[in-house]
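Chemist:
Numbering (this note's numbering), first residue to last: 4 to 286.
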């Protein structure tokens, strides 16, 4: 296999894995090996970070009782059309408690202060983005490894709200001695799938609460594109491309008309300058 073919093959594999990543909240009764968890955290570390701050931090929890304790804090089922009491009886620790391993992702707020990057309120947004990039890396590699996974939202803004049953993240994680500058950004649930598709990837859920979806289904590419896009052959719907071409043609015509107008005025000035004055005509 030549280098180009190998590159194309790798790209195809990566694209397939990304397309088959799904949110799965129920897992087989099988532990996730430590070496796989190490590989997933390594993937998270490889994610980009603003100003190369590398301030993503990871807490790996595999003990069932600890996962259940954390899950009970984060039990939220706000969906309409569901009966919370029945669900709480069936899943007392919520969806987090169903995982066989979890990776809690933090951002170290002190890193930006240490580097003297400036106003923290600007860099705080980057902490969220840095952590999100790490989480996506973890999800993609987990999918490639045959695991099922789910990204569960978490953040400091949830403290003292119904989303955390009125408690705080720091209280439930107090046994882990989380540094005060670490801010929680998300939780990744992990485990082996109960069911897989024809390619061996975890099957997605048709329903979560009252929400119905198939997580691999997406709208046509054109639905997500904004503004100009030059690769017309790859767009399933050409309506946006046609509109862009018409706008481009209109702009070119306007530019051409302005050029003609400028040229016309220049010719007029030349003609006026070349005409003899009345005094010259009388001579």
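Beta carbons are placed, not taken as given, at the ideal position from N, Cα and C, and that holds for glycine. Note that the structure is predicted; figures quoted are calculated from it, not measured.
How close, in whole Å, do the beta carbons of residue 199 and residue 152 come, if the pair is a contact with beta carbons under 8 Å?
Modeler: No, residue 199 and residue 152 are not in contact; Cβ-Cβ is about 13 Å, not under 8 Å.
Chemist: Measuring only the C-alpha atoms, how far is residue 238 from residue 176?
Modeler: Unreliable placement is indicated for residue 238, whose pLDDT of 46 sits below 50; no coordinate value is reported for it.
Chemist: Could you name the residues of the same chain whose beta carbon sits closer than 8 Å to that of residue 185, not counting the 5 residues immediately before and after it, in chain order?
Modeler: Cβ within range, chain order: 60, 109, 110, 111 and 112.
Chemist: Excluding five sequence neighbours on each side, which residues of the same chain lie with their C-beta closer than 6 Å to the C-beta of residue 36?
Modeler: Result list for residue 36: empty, nothing under 6 Å.
Chemist: Taking residue 189 and residue 105 to be in contact with their CB atoms under 8 Å, please state how far apart those CB atoms are, rounded to whole angstroms.
Modeler: About 10 Å separates the two Cβ atoms, so there is no contact after all.
Chemist: Distance, Cα to Cα, residue 13 vs residue 258?
Modeler: Cα to Cα, residue 13 sits roughly 45 Å from residue 258.
Chemist: Give me the residue from 51, 228, 103 and 149 with the minimum Cα distance to residue 28.
Modeler: For the residues 51, 228, 103 and 149, the minimum Cα distance to residue 28 belongs to 103.
Chemist: Are the beta-carbon atoms belonging to residue 1 and residue 39 less than 8 Å from one another?
Modeler: Residue 1 is absent from the model: the chain starts at 4 and stops at 286.
Chemist: Excluding the five sequence neighbours on either side, which residues of its own chain have a C-beta within less than 8 Å of the C-beta of residue 49, listed in chain order?
Modeler: Cβ neighbours of residue 49 beyond the five flanking positions: 140.
Chemist: Consult DSSP for residue 74 and reduce its assignment to one of helix, strand or coil.
Modeler: Three-state result, residue 74: helix.
Chemist: Among 274, 250, 155 and 164, which has the Cα closest to the Cα of residue 230?
Modeler: Cα-wise, what sits closest to residue 230 is 250.
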